[in-house]
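Counting in my numbering, the sequence shown runs from 11 upward without gaps.
Glycine included, each C-beta is placed from N, C-alpha and C at the ideal position.
Presented below is the structure to which this report refers.
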Amino acid sequence: MSATGQEKDLTPPEISARKGKAPLVCLTAYTTPIARLVDPHCDVVLVGDSVGMVLHGLPTTLGVTLDMMIMHGQAVRRGLERALMVVDMPFGSYEESPEQAFRNAARVMAETGCAAVKLEGGEVMAETIRFLTGRGVPVMAHVGLTPQAVNAFGGYRVQGRGRDAERIRRDALAVAEAGALAVVLEKVPETLARGITEEIAIPTIGIGASSACDGQILVVDDMLGLFGDFRPKFVKRYAELGQAAEAAIATYAREVKERRFPAAEHVFGEGPKTVNGEEAA
Ligand code: KIV
Numbered sequence: 011m012s013a014t015g016q017e018k019d020l021t022p023p024e025i026s027a028r029k030g031k032a033p034l035v036c037l038t039a040y041t042t043p044i045a046r047l048v049d050p051h052c053d054v055v056l057v058g059d060s061v062g063m064v065l066h067g068l069p070t071t072l073g074v075t076l077d078m079m080i081m082h083g084q085a086v087r088r089g090l091e092r093a094l095m096v097v098d099m100p101f102g103s104y105e106e107s108p109e110q111a112f113r114n115a116a117r118v119m120a121e122t123g124c125a126a127v128k129l130e131g132g133e134v135m136a137e138t139i140r141f142l143t144g145r146g147v148p149v150m151a152h153v154g155l156t157p158q159a160v161n162a163f164g165g166y167r168v169q170g171r172g173r174d175a176e177r178i179r180r181d182a183l184a185v186a187e188a189g190a191l192a193v194v195l196e197k198v199p200e201t202l203a204r205g206i207t208e209e210i211a212i213p214t215i216g217i218g219a220s221s222a223c224d225g226q227i228l229v230v231d232d233m234l235g236l237f238g239d240f241r242p243k244f245v246k247r248y249a250e251l252g253q254a255a256e257a258a259i260a261t262y263a264r265e266v267k268e269r270r271f272p273a274a275e276h277v278f279g280e281g282p283k284t285v286n287g288e289e290a291a
């Protein structure tokens, strides 16, 4: 039983129906243990292609492959009981044609058990989103700062300031009309996020897009303080687990060097074996 009392996976239509209601709580996860931790508290768990930077040390998300997304998706699936699981389509796996997108999305769904995929892009991806949703593949869209386009943007800049707002607005309208179940709005000004949220019929999920959105998402390692010195303005650190881990590792290293670990309680004697095959004392 989850913190919210829900016993089965949330479905894409249930997430879409949350438009304008209680804010959607969303986080990323890439592994089974983290999926187990976030599941009771989240409506959506995203296996984001941020996994490439966060867990694999890649400089951008561009090197992430379909096989990586499937492997992490399978791990996350084992840790979820309640949240809607969404898996990111990596760069190069969907942009070529709606058919390519369907072939790869179908593989992701079949091999991970996710109920929806996410892809980046607005107007330019509308045809693909319509193609997928019409064939049983629920799609979460992603507009504003789309990290797979980092080279085209020239960096991870705020999108939609001033006259550029109209471009992002059109993107959000296009993906909503194409049938996306929700849309991630990344790194856009609050006024724009508010306007889009009021205008479109599907939930907006903000990351660096203000509380005006219908929900929020963060990369779990960022909000736990696990991802090094990466401190963008839109991330609130709810814990400093990286510091705690570093302190624990330093203590372990010191105790090994000083022969204080293992201590007597961690050492096996000559006592009788238990059912587990371990010595009792
Ligand atoms: O890859 C990812 O983690 C994402 C979220 C930041 C929205 O796309």
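Whether or not the stretch 33-51 and the stretch 240-249 are in contact is what I'm after, with contact meaning three or more pairs of Cβ atoms, one per stretch, closer than 8 Å; do they touch?
no
Can you give the Cα-Cα distance for L234 and Y248, rounded to whole angstroms?
Put simply, the backbone Cα of L234 is about 6 Å away from that of Y248.
How close, in whole Å, do the beta carbons of D19 and A125 come, if the pair is a contact with beta carbons under 8 Å?
7 Å
Three or more C-beta pairs closer than 8 Å, one from the stretch 188-199 and one from the stretch 130-140: is that the case here?
yes
Give me the Cα-Cα distance between A162 and A263, rounded to the nearest whole angstrom.
Cα to Cα, A162 sits roughly 45 Å from A263.
If you reduce the DSSP assignment to three classes, tell me which class V230 lands in.
For V230, the secondary structure class from DSSP, reduced to helix, strand or coil, is helix.
May I ask which residues mark the beginning and end of the alpha helix (DSSP H) holding D19?
For D19, no alpha helix (DSSP H) segment is defined, and its DSSP state is neither H nor E.
Write down the C-beta distance between P43 and G73 rounded to the nearest angstrom, noting that I regard them as a contact closer than 8 Å.
At roughly 25 Å, the Cβ-Cβ gap does not stay under 8 Å, so P43 and G73 are not in contact.
Assign L65 to one of three DSSP states: helix, strand, or coil.
coil
So is R113 buried or exposed if we call it buried at 16+ other beta carbons inside 10 Å?
exposed
Report yes if the C-beta distance between L56 and P213 is below 8 Å; otherwise report no.
no
So what does DSSP say about I210, is it helix, strand or coil?
coil
Give the single residue among R46, A45, L129, M150 whose Cα lies nearest to the Cα of P22.
M150
Looking only at its chain, what residues have a beta carbon closer than 8 Å to the beta carbon of Q226, apart from the 5 residues adjacent to it on each side?
P33, L34, V35, C36, I215, G216, I217
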